[in-house]
Amino acid sequence: MAQKTGKCTVMVKSESCKGCSLCIEFCKSGKLVLSDKLNKMGYRYAEPVEDTACTGCMICTSICPDLVIEVYDE
Amino acid sequence: MNKVFISGNHAFAEAAIRAGCSCYFGYPITPQNELGEYMANHLVNNGGVFLQSESETAAINMVIGASSTGARVMTSSSSPGISLKQEGISFLAGFELPAVIVNVMRGGPGLGNIAPAQGDYFQATRGGGHGDYRTPVLAPGSVQEIADLTFEAFSIADRYRTPVMILGDGMMGQMKEPVVFPDFVKDLPEKEWALKGRGTGKSRYMASLILDPLEMERHNWKLMRKYGEIEKNEVRYESFMTDDADIIVIAYGTAARIAKGAIKRARGDGIRAGLIRPITLWPFPKKVLLDFASHISRFIVFEMSTGQMLEDVQLAIAGKAEIAFHGRPGGVIPTPAEFARYIYRENQKLKK
Amino acid sequence: MKLKNDWPKYYKKDVVSHYCPGCGHGIVHRIVAELLEEMQVGERAICVNPAGCAVLAYLYFDIDMLESAHGRGTAMATGIKRARPDLFVFTYQGDGDLSAIGTAETIHSANRGEHITVIFINNAVYGMTGGQMAPTTLIGQETTTSPLGRNPALEGYPLHITDLVATFRGVIYAERVSLDGPAGVTRTKKAIRNAFQTQIDGLGYSIVEILSACPTNWKMSPVDSFSWIKNEMTREYTPGVLTDKRGDKK
């Protein structure tokens, strides 16, 4: 799932996400939230919020223990 | 090469160097210290690695590390130290890594003493550590055979990718005899399974953890098939004066040397005794004993223990003949005269 | 669109690890994989992984790996490095592995100044076995085997093994870092880079202790776990460079 805003695009591999929420906690832009849905492992996964800008700071990818976040330049 | 007059402990080391052993890790313990000391000089002079570890446990794990890279590796110890190595020996078996482990046995249990004994037979031949595995066990009966079997142990270890144990004792380690050593091995073949960094190829791992029981079972059966091959191909023993024998003595290592002296005495008095000396304790020479049991009614097992190989003889003969046992545990070295008296006594029973 | 964070070359593609949500292992694994690539040592690297939660690390690292018996990692690494000094050898160990059952191997490999690198994950509990007390457990910390909290009168004090080995002349680089947030990630990567470089430069032994989250056994959320590292663990285990003798060696 891709959510486009501002400078960068964040994608979360929702099926591999364990919902630890570290990315949500440390994202300065409030770009990520926990989904209401569950993935196949039974976790609520992180997902990007529409209409919120991503600065491309890469904090979410650096803190993610499961390498499930991808950040793309425009 | 000329004959050299050399101790058993030094012969273990020299033969290992000639077999291409490039790494030795060990911890001091009597009565095998001369082995490590020899390595500290001669292996290093030969471009190899000698490292005195902080414990036997550490030494066997260093062996695992070096063996995983494809090197020919040795460690040695004596009974209490071999107990400490058992964890690592189990891992070597699980990883299917070759290594040569020398046990210069002493009296036990516990610290026991530093005199020669054969009380570690069960530990050596039954695996010793945890899990379902076997270890080939070679039991030299002379310093020449120490040299020959140590050399051979490295080939067996590599051929079957298994730890191999050489079971000597304090007498074997300390005594000197003339020896002709095998020539230095040249150009050992590359081990394609070894870890050497993935390079540009695929990565590899060695793990003994197999969480899936079915997969673990497959690994166990694979190991057992390998042990079956070893049982088929590697059984070694010496027959001594058995052609016309009425009584067969079964003894290995130092006890076999004493038994030979006793048998010669008994023969001098007209008693037709002979000796089967297992050279491989695992795989055990079962078949030859079973064959003898078809026409010989009396076997004597002679050990410097309370009777451990005795059980393998019982299994081999499977109730087809009588088995007597004479043993001296605890580091006592029996004399040929003492054992000859035992043969006379058994011979008397035979006549009744 | 251009991907800003390429999948690390030495991390197996598209695996989902067995680690619990928020576990520090995943972050450290990724950092190590990135550094193996950035420092160009992945092709000649061998990692010795422990018994413990990281026992399955060979499913994630895409380099040659040897699994160790509990606590014996640095002895195995010694064997590898002595047999093949050209290889890049590091262990990856937890606090039970390295500072309880493997204390002798840890201390003596460090004292010999083996040319290996030790990645030491300190999460103050036994993780894989279900949260028992470790030598590193904090005073008062409740675990399944210290249910009333660690009592120094009965169970002794938290063991500072990295501080201990840092006093050895054979230990060239030792650092403790706190993996408690984005800045902690950066510091962890820098510390491991220094440790790896120590080995690459042929200087000797290096160790990095990482205070790392175990939310499951701490019975906290991952976010609370990160706060607990910052507020509690670092009070016992002060982060910082514990020894740096690289200048003396060069």
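These protein sequence lines are chains A, B and C, in that order.
Every letter in the first sequence is one number past the one before it in our numbering, and letter 30, counting from 1, is 202.
Every letter in the second sequence is one number past the one before it in our numbering, and letter 67, counting from 1, is 1219.
Every letter in the third sequence is one number past the one before it in our numbering, and letter 184, counting from 1, is 227.
Each residue gets a CB set at the ideal place from its N, CA and C atoms; glycine is no exception.
Who are the near neighbours of residue i in its chain, counting only those whose CB is closer than 8 Å to its CB and skipping five residues on each side?
i	result
Ile1423/B	Asp1398, Ile1399, Ile1495, Tyr1496, Asn1499
Ser1207/B	Tyr1179, Leu1236
Leu1442/B	Ala1468, Ile1469, Ala1470, Lys1472
Who pairs with residue i in a beta bridge, going by DSSP?
i	result
Cys90/C	Met108/C, Phe133/C
His1478/B	Phe1454/B
Glu1329/B	Ile1158/B
Asn1521/B	Residue numbering for chain B in the displayed model covers 1153 to 1504; residue 1521/B lies beyond these limits and cannot be assessed.
Gly1426/B	Ile1400/B
Glu218/C	Val251/C, Val284/C
Leu1203/B	Phe1177/B
Can you pull the chain A residues whose beta carbon is under 8 Å from the beta carbon of residue i, in chain order?
i	result
Ser221/C	The premise fails here: Ser221/C is roughly 14 Å from chain A at the closest Cβ pair, so nothing lies under 8 Å.
Met44/C	Thr181, Tyr244, Asp245, Glu246
Taking the C-alpha atoms as reference points, what is the distance between residue i and residue j?
i	j	result
Cys90/C	His113/C	15 Å
Asp287/C	Gly156/C	13 Å
Val75/C	Met44/C	27 Å
Val228/C	Thr259/C	20 Å
Leu194/A	Ser234/A	10 Å
Lys1338/B	Gly1172/B	8 Å
Thr177/A	Gly228/A	Low confidence applies here, because Thr177/A scores a pLDDT of 48, under 50, leaving its location unreliable and the question unanswered by this model.
Ala226/C	Ile235/C	14 Å
Lys1374/B	Met1214/B	26 Å
Cys192/A	Tyr1190/B	58 Å
Met1376/B	Asn237/C	46 Å
Tyr248/C	Ala209/C	10 Å
Cys257/C	Ile162/C	16 Å
Asp267/C	Ile204/C	26 Å
Arg193/C	Glu148/C	26 Å
Lys1439/B	Ala1425/B	19 Å
Val84/C	Pro128/C	13 Å
Gln1238/B	Tyr1285/B	12 Å
Glu1186/B	Phe1157/B	15 Å
Lys56/C	Leu109/C	20 Å
Glu246/A	Ser186/A	21 Å
Pro51/C	His72/C	10 Å
Val1201/B	Tyr1176/B	6 Å
Pro1481/B	Ala1218/B	36 Å
In chain A, which residues lie less than 7 Å from residue i when you measure between Cβ atoms?
i	result
Phe131/C	Neighbours of Phe131/C on chain A: none; closest Cβ ~23 Å, over 7 Å.
Residues in the same chain with beta-carbon distance under 6 Å from residue i, minus the five sequence neighbours each way, listed in chain order, please.
i	result
Gln175/A	For Gln175/A, the pLDDT reaches just 49, beneath the cut-off of 50, and the residue's location in the model is therefore unreliable, although a value from the coordinates is still provided. Closer than 6 Å at the Cβ level, and outside the excluded window around Gln175/A, lie Pro220, Glu222.
Thr277/C	Ser221
Tyr169/C	Gly139, Gln175, Ala177
Thr134/C	Val91, Gly116, Thr117, Ala120, Val161
Val132/C	Ile89, Ala120, Ile123, Lys124, Ile159
Only counting the same chain, and skipping five residues up and downstream in sequence, which positions put a Cβ closer than 7 Å to that of residue i?
i	result
Arg1313/B	Glu1248, Leu1249, Pro1250
Lys203/A	Val182, Pro220, Val221, Thr224, Cys226
Met230/A	Val243
Ser60/C	Gly69, Tyr103
Trp271/C	Trp261, Met263
Name the chain B residues that come within less than 9 Å of residue i, Cβ to Cβ?
i	result
Ala88/C	Gly1349, Arg1350
Glu77/C	Neighbours of Glu77/C on chain B: none; closest Cβ ~16 Å, over 9 Å.
Run down chain C in chain order and give the residues with a C-beta less than 7 Å from the C-beta of residue i.
i	result
Ile1216/B	Met119, Gly122
Thr233/A	Asn48
Glu1239/B	Ala112
Pro220/A	Within chain C, no residue comes near Pro220/A; the closest Cβ sits about 14 Å away, beyond 7 Å.
Using a C-beta to C-beta distance shorter than 9 Å, which residues of chain C count as neighbours of residue i?
i	result
Cys1175/B	Gly122, Arg125, Ala126
Gly228/A	Lys47
I want to verify the contact list: residues of chain B whose CB lies under 7 Å from the CB of residue i, in sequence order.
i	result
Glu80/C	Chain B residues near Glu80/C: none, gap ~12 Å exceeds 7 Å.
I want to verify the contact list: residues of chain A whose CB lies under 9 Å from the CB of residue i, in sequence order.
i	result
Cys257/C	Residues of chain A passing the Cβ test: none, with the nearest at roughly 12 Å.
**Message:** Taking 8 Å as the cut-off, does the region 181-191 of chain C touch the region 231-247 of chain C (at least 3 CB pairs, one atom from each stretch)?
**Reply:** no
**Item:** Segment contact flag, the region 1277-1284 of chain B with the region 1249-1264 of chain B, C-beta cutoff 8 Å, min 3 pairs
**Value:** no
**Request:** Would you check if the region 205-225 of chain C and the region 273-289 of chain C touch, i.e. whether three or more CB-CB distances between them fall below 8 Å?
**Result:** They touch, by the three-pair rule.
**Message:** I'd like to know if the region 204-220 of chain A and the region 77-86 of chain C are in contact, where contact means that at least 3 CB-CB pairs between them fall below 8 Å.
**Reply:** No, they do not touch.
**Message:** Quick test of the definition: if touching needs 3 or more C-beta pairs under 8 Å, does the region 1444-1461 of chain B touch the region 1236-1248 of chain B?
**Reply:** The region 1444-1461 of chain B makes no contact with the region 1236-1248 of chain B, as fewer than three CB pairs between them are under 8 Å.
**Item:** Touch test, the region 1355-1362 of chain B against the region 1378-1393 of chain B, Cβ-Cβ under 8 Å, three pairs minimum
**Value:** no
**Prompt:** With a cut-off of 8 Å, do at least 3 Cβ pairs link the region 144-158 of chain C to the region 113-126 of chain C?
**Reply:** yes
**Asked** Is the region 53-72 of chain C touching the region 263-271 of chain C in the sense that three or more CB pairs, one from each, lie closer than 8 Å?
**Response** Short answer: they touch.
**Item:** the region 1157-1168 of chain B / the region 1302-1320 of chain B touching (three or more Cβ pairs under 8 Å)
**Value:** yes
**Prompt:** Using 8 Å as the Cβ pair cut-off and three pairs as the minimum, do the region 1265-1272 of chain B and the region 1318-1336 of chain B touch?
**Reply:** yes
**Message:** Whether or not the region 1344-1357 of chain B and the region 87-103 of chain C are in contact is what I'm after, with contact meaning three or more pairs of Cβ atoms, one per stretch, closer than 8 Å; do they touch?
**Reply:** The count of Cβ pairs closer than 8 Å, one atom from the region 87-103 of chain C and one from the region 1344-1357 of chain B, reaches three, so the stretches are in contact.
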